[in-house]
Each structure stands twice: as structure tokens, then as C-alpha cells.
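J.: Order-wise, the sequence lines are chains Y and B. Heads up, the first sequence is in the working numbering, so the first residue is 1 and it goes up one at a time. Heads up, the second sequence is in the working numbering, so the first residue is 458 and it goes up one at a time.
Number of protein chains: 2
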Amino acid sequence: MEETQENILFQLTDELIEKAKVLISNNDDTSLKVFLNEFHYADIAEILDELSFDEAIYIIKLLDSETTSDVLTELDEDVREKILGNLSAKEIAEEVEELDTDDAADIIAELPEERQEAVISQIEDQEHKAEIQELLTYDDDTAGGLMAKELVKVYGTWTVAGCIRRIRGQAKDVNRVHSIYVVSKDEKLIGRLSLKDLITAKSEEKIADISKSNVDWVNVNDDAEDVAKVMAKYDLEAIPVVDDEQTLLGRITIDDIVDVLKEEAEKDYQLAAGITQDVDSDDSIIELTRARLPWLFLGLLGGIGAFIIMYYFEKKLPEEAIILFLFTPLIAAMAGNVGVQSSAIIVQGLANDDVKGSINSRLIKEMFLATLNGLILSIFLFLFVFVWKQEFNLALAISISLVVVIIVAGLIGTFVPLFLDKRGIDPAIATGPFITTSNDIFGIVIYLMIAKLILGI
Amino acid sequence: MEETQENILFQLTDELIEKAKVLISNNDDTSLKVFLNEFHYADIAEILDELSFDEAIYIIKLLDSETTSDVLTELDEDVREKILGNLSAKEIAEEVEELDTDDAADIIAELPEERQEAVISQIEDQEHKAEIQELLTYDDDTAGGLMAKELVKVYGTWTVAGCIRRIRGQAKDVNRVHSIYVVSKDEKLIGRLSLKDLITAKSEEKIADISKSNVDWVNVNDDAEDVAKVMAKYDLEAIPVVDDEQTLLGRITIDDIVDVLKEEAEKDYQLAAGITQDVDSDDSIIELTRARLPWLFLGLLGGIGAFIIMYYFEKKLPEEAIILFLFTPLIAAMAGNVGVQSSAIIVQGLANDDVKGSINSRLIKEMFLATLNGLILSIFLFLFVFVWKQEFNLALAISISLVVVIIVAGLIGTFVPLFLDKRGIDPAIATGPFITTSNDIFGIVIYLMIAKLILGI
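The structure is reproduced here in C-alpha cells:
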């Protein structure tokens, strides 16, 4: 019982990786197995991600396929792709046999089209094969793309004792039994039952009498993100998936939902930072460029726009007014910052279904908020310019511009994501460079116009 | 079985809220109960969030405390605070009696100090009371702050049949049984058992023989975020919590972890957008100002800094060079955008424990990446300026500056979060306004210096 003495928090260290490398280079299979046996498969995957390709393959071929199949599901996508590319269709099929249908289908879906068929044809368990083939037909972004076929189902007419006897067989294939689903003769979902209810019921009771009929479910075509949201909201650990005729097709468990929620949050965060594709820091320079360059290009166009506007103003302003141009980076930066703040709050509120009420009431609130922030900041700026230059009109022009620019930037930051959302476009795209860039330009135009007006030039 | 015909995806509409308001104003308690009975408690909470305070209280007093206690846990914090402020200590104690210990402790912890004691003293179930009091002693950000006392535990010496008989009693208090924890005579955690194992085992087997000894656990003082990360990583649905002597204290379930992960992602997103406190769009203008103003003020100081630098340069440049200043917003914006992109990727990698290898190798990679992006953008900018103004040197000066500024901005964006992380500071704080502002200033300085050099002025 030594294992119980170890806290689960795992820290991947250089020493661990070094130890694995040494054991591999020594071909010390026995010690390597003992060493890796200490770790959870997710930790082994982390170690593999850091090894060379040959070393990773060495470990995959060394370990039993029950472990390696789980390790495969946890690897970085690019590492997994390389490793699978090095395995035969038969070997991949063996790994896939060990996995739950949802993980199996996910791995097969990543393979090149022509290999998918080869791998599927090598799967020996005909039921598993048919289930995987069914799952491959569903869209990734739907409930069908998330669900697994593994579940425990019983008929309402069974008794508790009969039920326990029969589900012993079914449960062997199911890693974790959350709920037992009750179906009618024609496989329609009609209720659910927890293992706890079953265990605490008397043996002779009928399933129909102890099951709950108000079972929650989602349709196989429901959006994956919506499913994730409701499962998080209702604290559901599993939910059954049905088709339009209410036929029970599969179930989704919360661990898959955790991944969906994490990916969603990461995507929003990256969009806000101006990164358009799902990349991580280990991706290639080309992939990272593809994700980053489009937004930078938008920023560049915005900068050129700002330049053209200033160039036009500069032609018409007297030379003394050059000092105005020295404040444009300040004005542009403040417009960008306020816009990002206000849009981020709206984007997050929309993601949480937290934004109710009309667009107008939101805009009014943001106007008050931006006015308050703008006044405080402008007073400070006014004092700085006035104390330093003793030019009242200049200080006034710049400060008033700052208030107006902050209000307009706040309104744009609030309006754009709300507008996009109403139009059915992901509002996360609105924060970051898009808002920053457009607010830069608006900010500079407003600033120069107000300054011209107040200074009478 | 009509309920099974409803998809779980719930949409809060104005009509629903209106219907609730009408039923309340008519004092139509019967219809109101039937109406609300259709909804999950999390949905009732959403409806309550949109009602007036008096209407919300009306519903809370109408529904049975089994429902309202759950509704209370799902309300917006400010709405809950108001409602609890309107209930007597005895009424709150009654709600709390219905809740699991973790939810109960969370609600009591939100009350003002002096009411906490009053509510606790009104809890009738002495065991529940002692457990809540214990939970209140743990820090919010630790495993102890997340765990519940409800769990099913058995002794290794019991038989399967005896075990099933005895856990029937325990399981009544536990909403969802994930695992059965096996303890020694002195309550030390020594193993675990799934309900599935129990149900599929023979009645006369000993628990010690069918339980798994390699049980994962966390220490009661472990950081809540770390616990959330490992549960997500290992797909755990529940994990036992022990003290330093391995005594079983409680368990954490994945639904609590989903909340922690969501909050963490939201915090990072807000920090990146320059919002320093956890706010949502429904918070008051004062609260929103407190969260937003500090970063805006930082941005303002940065803008003033940029102004001072440009002012200094302007004094020393000939008048023809004024066109240079018209490009400063472009340069500053690009520096900001690149810095935010590169820091966001590092921040996210650090959050996922995905960033390995030395800081140097990261910086070298970012340098290549920024050079590639910078060259592409600079060629475009060069062509624009050259075609438009036919001034080769000016176009060259601006384009070369842009490449250099993008490289430096990328390096700063990469270095700062890595550096903060090494120092034990949350790197999320590095993205957003902090990086944008410092890169604005660096960008303008580099730009003006290079332009001066190339133009020979």
C-alpha cells in the first residue's frame, strides 16, 4: 500500500526526463517499466511529449497496449500524429480496441482518410467497430461528436435483482457508471436510475417503480458548447444523448465537458490577444505566423489609416500645433485600452449567458462608466499639461478630447460584441486587435477635431 | 412521463420573466408553484436574478426549502446577499440544513461575521453543524475550501454484503456516490472501491480483496487551482482529501472543479483585457471603475511617457522630419499588438504547464517568429510609403524600424511572463495593458532613434 503515500500532484522535472532517456539508451526495459509504472498515463504522455520521436516510439512499443492506448489519448496532437504514422493499421487497431468508443473515434478521425478505413477494418470486436463507425458520422461540434456509446441501460419491466444481475455484464465495458438509463421496449429513453438508488432498493422492486422519469437529455445534433454549458450549470456528471425519435444513442460525461470548456476559454483568450487559430507555444513558426499575422496586418492597415488622417490634418494646421501630434499615441492607446476593457466584459457576459436587457441600457451604463473614468484621467492629464506648459487652452483641448475619446471607445467596445452576437457571430473576435485598431483611428480623428475646435486653428 | 419530452437546453426569455411577474402580482401561488416546478433550480435562480428584490423574496418564501436552498447556491452573489439579509438566522439555518456541507459552508462564509455565529447556532443537526464549522476553518483557496464532508467510507475488514447493507445508510446523505473510500481502523485512507466494483463482486468477498490500494488523494492544504488542474488532467470525478497523517477528511467532486477552472479562465481573460478584479457586466459602476481605472491610469502614464520622449526628439529634429511623428501611432500600436500576442501564448502555456525548456530557447524562437512577421509587414509598409511619397530613405527608415520594433516587442512579450513566473508572480498580469504600455514606449524610442540614424538628422 505504498502508493497511497504519494500525493497526486505531479511535477514534470528535467531529472525525470533525463532518467527516462538514460534507461532507454541503456535498453534497460525492466527498470524502464518499473519507472513508468509509477506514473499516471497522463504523466507518461507528458514525459513522451518531451522525448525524441525514437524514444517515444520505444516506450510505446514497450508498454502494454492497455496503458499505451490511454497515453495516446493524452499526447500533444502533433506528437500523436507522428507516432501513429509510425504504427501499422493493425497496431493502431489494437490500441483502439482498448479505448472507449469516443476516444477511439477521436483518434481515428485524426488519421488521414485512407488510413481510417484500413484501421477500422482491423478492429476485431464487431460491436466496437460498428459503434466507432457510427460516432465517426457525427460532427465534432455536436453532442454526437462528444458522446460515447458505453452506457448501462435497463428495461423498466426488470426487477432490481434481475437488473443487478444483468448490468454486471454491461458495466464491465463502462469505466464509470454515473446513471443507469431506463428504456422502453423500442429503446426510447424513458427514465434514469442512479447506482445508489439501485443499491439501496429492495431486490424484488420493479425498475419502473424506483426510476426517475424526469431524465434530462440532449439531442445528438445539439451544439457541443451548449451541452458543455448546461452540464456545467446543472452540475451534471453525465447526460444521455437521444435522436429526434427519443432513441437512446449514447452519453456524454463531464470529463469531456471539462475539455470543451477549457478549449473554449483558451480560444476566447487567444482571440482577445489577436491569435486566430488554436496554437500553443510549441507549434512551428509557420503555424504561429499563420495564427498571428492576419491580426498584425489588420493593425498595420489601421496604423496606415491613422497616419493618413494625421497627414491630412498636419497639412492644414499651423506649425505651432505640432505639439498636438505628440499626444496622438497617448490618445490612441487610451482609446484602445478602454475599448478592450469594455468589450471583454461584454464578451465574457455573453459567454456566460449573463447579459440580459437591451443593448441601449448597456450603452447607457457604459457611458456613465466611461465618463467617470474619463473625467478622473482627464483631470490628471490636464494638471500635467497645464503645470508643465502653462497653456490653458492646450491642456483643456487635450483633456476634453481624452474624455470624449474614452466615452466613444467604451461605447464602441460595448456595442460591437453585442451587435455581433445579435447577428450570430462569435463576439470573442471583437476584442483584441479589432477593437484596438478601430478605436485607435476613431480616437485620433476625434482628438484632432476637438483640438482644432478648441484651439481655433 | 411528459417531462422526458423536453430538451435540457434552457433559454431564459423575457416572456418567462413576465409570466413570473404576473403570477406574483396576482398572488397566484398555485399556478406559480406549477410554473416554477417545470424548471431546474439553476434556471429558477436565473429567473430570480432578473426579478425585483420583493418578487425574489416572494418566490423564496413560497417554495419548499429543499428547492430554495439549491436555488440560493446558484444565485448571483449580490442577489443572494440581499435575500439572505432579509431572512432570519433561523430561516437561513433551515436552508443550510438542506445543503451539502461544502455549499452550506460557502453560503455561511458569505454572511457578515456576527450573523455566521447566529446561523450556525440554529442548525439542528449536530453532526452537520460540526462538519460545517470544520469546513469554515479552511482557506478558500485550498483543497479544504473546496471539499465536502459527504462521502461513503467503509472498513477493509467488511464483506461485500455487509458493506452494501451499511452504506445504504451513509449513501442517503450523499447525492452522488463516485467512489467508496476504504479506511483503516484509525480512519486513515487506505484504498478505494467503485460502486461498480461493489455491485459486480460476490457478496461474501472481503472489501480489502476487491478494493484498489493505489488511491489518488490531495492534502487538505493543497492549492485549489492545482487540485483543479490534476482533476481535469486525470479525468477524475472525485478525489479524497486527507490531512498530513493521511486521515480521510472529505472529498472534492468535479462539479466544484468546473467552477474553479471557469473562474480561473475568466480571471486570466480579464487580466489580459486590463481588468484587475473579478467583475461582471451587472456590477455597479463604482465596482467596475475600481477594476478598470488602475490599468487605464497605467496606460495614461505610459502615454505621457511617450509624449515626453517625442517632445524631446522633436526639439532636436528639423521641421521636415515632422512626418516621422505621424507614424508613431502605427509603430506603437504594432509594438503593442505583437507584445500581447507573444505574451498571451506564453501565459497560456504556463497555465497549462506546457512551457518547458529554457527561457533562452523560447526567446530565440520568438526572435525568428517576430523577424518573419516583421519582414512581411515591413515590406508592405515600405511599398506603401515608397509608392506614395517616392522617398526611399524615409520608407527604409520606417520599415526597418518596424522590423526592429516587432522583434523587440516579441522578445519583451515572451520574456516578461516567463520572468514573472520564475519569480512566482502570476504571469497573466503581464499581458494586456502592462505589455501594451511598455511596448508603446520602447517602440517609439527605437523608432525615433533608428529614423534619426538612417535619415542622418
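We treat Cβ as the ideally placed atom computed from N, Cα and C, and that holds for glycine. Please read all numbers here as calculations on a predicted model, not as lab measurements.
Where does the unbroken beta strand (DSSP E) through Y/Pro-433 begin, and where does it stop?
T.: In the first sequence, counting from the first residue as 1, residue 433 of chain Y sits at position 433. That residue, Y/Pro-433, is in no beta strand (DSSP E); its alpha helix (DSSP H) goes 433 to 455.
J.: If we count Cβ pairs, one from each stretch, closer than 8 Å, do we get three or more for the segment 153 to 162 of chain Y versus the segment 195 to 211 of chain Y?
T.: yes
J.: Can you look up Y/Ile-322 in the DSSP assignment and give me helix, strand or coil?
T.: Locating residue 322 of chain Y in the first sequence gives position 322, counting from the first residue. Y/Ile-322 falls in the helix class under three-state DSSP.
J.: Under 8 Å between C-beta atoms, does B/Phe-839 make it to chain Y?
T.: As a first step, residue 839 of chain B must be located in the second sequence, where it is residue number 382. Not an interface residue.
J.: Y/Gln-5 by DSSP, collapsed to three states: which one?
T.: Taking the first residue of the first sequence as 1, we reach residue 5 of chain Y at position 5. With a pLDDT of 47 at Y/Gln-5, under the threshold of 50, the modelled position of that residue is not reliable, and no figure is offered here.
J.: Just mark Y/Phe-10 as buried or exposed, buried being the case when its beta carbon has 16 or more other beta carbons within 10 Å.
T.: Here residue 10 of chain Y refers to the residue found at position 10 when the first sequence is read from its first residue. Result: buried.
J.: If you follow the alpha helix (DSSP H) that Y/Tyr-41 is part of, which residue opens it and which one closes it?
T.: Position 41 of the first sequence holds residue 41 of chain Y. Looking at the DSSP string, the run of the alpha helix (DSSP H) that includes Y/Tyr-41 is 41 to 50.
J.: So B/Asp-692 contacts chain Y; which residues on that side make the cut at Cβ distance below 7 Å?
T.: Along the second sequence, one-based indexing puts residue 692 of chain B at 235. Within 7 Å Cβ-Cβ: Asp-255.
J.: List the DSSP bridge partners of Y/Ile-252.
T.: Taking the first sequence and counting its residues from 1, one reaches residue 252 of chain Y at position 252. DSSP, once it has assigned bridges, lists Y/Ile-239 as partnering Y/Ile-252.
J.: By the three-class DSSP mapping on this structure, what secondary structure does Y/Thr-73 have?
T.: Reading the first sequence from its first residue, position 73 is the one you call residue 73 of chain Y. The answer is helix: DSSP assigns Y/Thr-73 an H, G or I state.
J.: Rank Y/Met-231, Y/Gln-277, Y/Gly-144, Y/Ile-239 by C-alpha distance to the C-alpha of Y/Leu-193 and give the top, closest one.
T.: Locating residue 193 of chain Y in the first sequence gives position 193, where the first residue counts as 1. Between Y/Leu-193 and the set Y/Met-231, Y/Gln-277, Y/Gly-144, Y/Ile-239, the nearest pair of CA atoms involves Y/Ile-239.
J.: Would you kindly work out how many angstroms separate the C-alpha atoms of Y/Val-347 and B/Lys-686, rounded to a whole number?
T.: Translated into the one-based positions of the first sequence, residue 347 of chain Y becomes position 347. Translated into the one-based positions of the second sequence, residue 686 of chain B becomes position 229. Rounded to the nearest angstrom, the two C-alpha atoms are 25 Å apart.
J.: In chain order, what residues of the same chain have a beta carbon less than 7 Å from the beta carbon of B/Asn-543, not counting five sequence neighbours either side?
T.: For this step, residue 543 of chain B is matched to residue 86 along the second sequence. Within the same chain, B/Asn-543 has close Cβ partners Ile-514.
J.: Mapping DSSP to helix, strand and coil, what is B/Leu-650?
T.: Position 193 of the second sequence holds residue 650 of chain B. Look at B/Leu-650 here: in three-state DSSP terms it is strand.
J.: Tell me which residues of the segment 185 to 212 of chain Y have at least one Cβ-Cβ distance to chain B shorter than 9 Å, keeping chain order.
T.: Lys-188, Leu-189, Ile-190, Gly-191, Ser-194, Leu-195, Lys-196, Leu-198, Ile-199, Thr-200
J.: My understanding is that B/Thr-888 touches Y/Ala-273, with C-beta atoms under 8 Å, so please give their C-beta distance in whole angstroms.
T.: Position 431 of the second sequence, counting from 1, holds the residue named residue 888 of chain B. Position 273 of the first sequence, counting from 1, holds the residue named residue 273 of chain Y. Right, their Cβ atoms sit about 7 Å apart.
J.: Any contact between the segment 793 to 809 of chain B and the segment 846 to 866 of chain B? By contact I mean 3 or more CB pairs, one from each, below 8 Å.
T.: yes
J.: At a CB distance below 8 Å, what residues from the segment 766 to 786 of chain B approach chain Y? Give them in sequence order.
T.: Met-767, Tyr-768, Glu-771, Glu-776, Ile-779, Ile-780, Phe-782, Leu-783, Phe-784, Thr-785, Pro-786
J.: Mind checking B/Glu-459: buried by the 16 CB within 10 Å criterion, or exposed?
T.: Counting from 1 along the second sequence, the entry for residue 459 of chain B is found at position 2. Its pLDDT being 37, under 50, B/Glu-459 is placed unreliably in this model, and the coordinates cannot settle the point.
J.: Less than 8 Å between CB atoms is the rule here; does B/Gln-805 satisfy it with respect to chain Y?
T.: What you label residue 805 of chain B is simply residue 348 of the second sequence in a count that begins at 1. Yes, because at least one Cβ of chain Y sits closer than 8 Å to the Cβ of B/Gln-805.
J.: B/Tyr-904: buried (16+ other C-beta within 10 angstroms of its C-beta) or exposed?
T.: Position 447 of the second sequence, counted from the start, is the residue given in the question as residue 904 of chain B. Counting Cβ neighbours within 10 Å, B/Tyr-904 comes out buried, since at least 16 surround it.
J.: Between the segment 437 to 453 of chain Y and the segment 319 to 329 of chain Y, do three or more beta carbon pairs fall short of 8 Å?
T.: yes
J.: Is B/Ser-636 helix, strand or coil when you go by DSSP?
T.: Translated into the one-based positions of the second sequence, residue 636 of chain B becomes position 179. DSSP places B/Ser-636 in strand when its eight states are reduced to three.
J.: Give the straight-line distance between the Cα atoms of Y/Asp-64 and Y/Glu-94, rounded to the nearest whole angstrom.
T.: To locate residue 64 of chain Y, count along the first sequence from 1; it is residue 64. To locate residue 94 of chain Y, count along the first sequence from 1; it is residue 94. Looking at the two C-alpha atoms, the distance is approximately 11 Å.
J.: Along the segment 265 to 291 of chain Y, where does the CB come closer than 8 Å to a CB of chain B? Name the residues.
T.: Ala-265, Glu-266, Asp-268, Tyr-269, Gln-270, Ala-272, Ala-273, Gly-274, Ile-275, Val-279, Asp-280, Ser-281, Asp-282, Ile-285, Leu-288, Thr-289
J.: Closest to Y/Lys-365 by CA distance: which of Y/Ser-399, Y/Thr-414, Y/Leu-381 is it?
T.: Here residue 365 of chain Y refers to the residue found at position 365 of the first sequence. Ranking Y/Ser-399, Y/Thr-414, Y/Leu-381 by Cα distance to Y/Lys-365 puts Y/Thr-414 first.
J.: Using a Cβ-Cβ cutoff of less than 6 Å, which residues in the same chain neighbour B/Ser-895 once the five nearest sequence positions on both sides are dropped?
T.: Position 438 of the second sequence, counted from the first residue, corresponds to residue 895 of chain B. Excluding sequence neighbours, B/Ser-895 sits near nothing in its chain.
J.: In chain B, which residues lie with their C-beta within 8 Å of the C-beta of Y/Asp-354?
T.: For the purposes of this step, residue 354 of chain Y is taken as the residue at position 354 of the first sequence. For Y/Asp-354, the C-beta contacts it makes with chain B under 8 Å involve Asp-737, Ser-738, Asp-739, in order along the chain.
J.: At a CB distance below 8 Å, what residues from the segment 436 to 450 of chain Y approach chain B? Give them in sequence order.
T.: Cβ contacts with chain B: Thr-436, Thr-437, Asp-440, Ile-444.
J.: For B/Gly-881 versus B/Ile-788, is the C-beta distance shorter than 8 Å?
T.: The count along the second sequence starts at 1 and reaches residue 881 of chain B at position 424. The count along the second sequence starts at 1 and reaches residue 788 of chain B at position 331. Not closer than 8 Å, so no.
J.: With contact counted as at least three CB pairs below 8 Å, one residue from each stretch, are the segment 740 to 752 of chain B and the segment 294 to 303 of chain Y in contact?
T.: For the pair of segments examined, the segment 740 to 752 of chain B was found not to touch the segment 294 to 303 of chain Y: the number of CB pairs separated by less than 8 Å stays below three.
J.: So the candidates are Y/Asp-106, Y/Ile-400, Y/Leu-288, Y/Glu-77; which of them puts its Cα closest to the Cα of Y/Phe-382?
T.: Taking the first residue of the first sequence as position 1, residue 382 of chain Y is located at position 382. Comparing Cα-Cα distances from Y/Phe-382 to each of Y/Asp-106, Y/Ile-400, Y/Leu-288, Y/Glu-77, the minimum goes to Y/Ile-400.
J.: Could you tell me which residues DSSP pairs with B/Thr-918 in its beta bridges?
T.: Residue coverage of chain B in this structure runs from 458 to 914, which leaves residue 918 of chain B outside it and unanswerable.
J.: What runs of the alpha helix (DSSP H), each 4 residues or longer, lie entirely inside the segment 342 to 395 of chain Y?
T.: Note on the segment 342 to 395 of chain Y: whole alpha helix (DSSP H) runs with a minimum of 4 residues are 359 to 389, in chain order.
J.: For the alpha helix (DSSP H) containing Y/Lys-486, list its first residue and its last residue.
T.: An answer regarding residue 486 of chain Y cannot be provided, because it is not within the stretch 1 to 457 covered by chain Y.
J.: Compare the C-beta of Y/Thr-68 against all C-beta atoms of chain B and say whether one is closer than 8 Å.
T.: The residue given as residue 68 of chain Y occupies position 68 in the first sequence. Under the Cβ distance rule, Y/Thr-68 does not count among the residues neighbouring chain B, no pair being separated by less than 8 Å.
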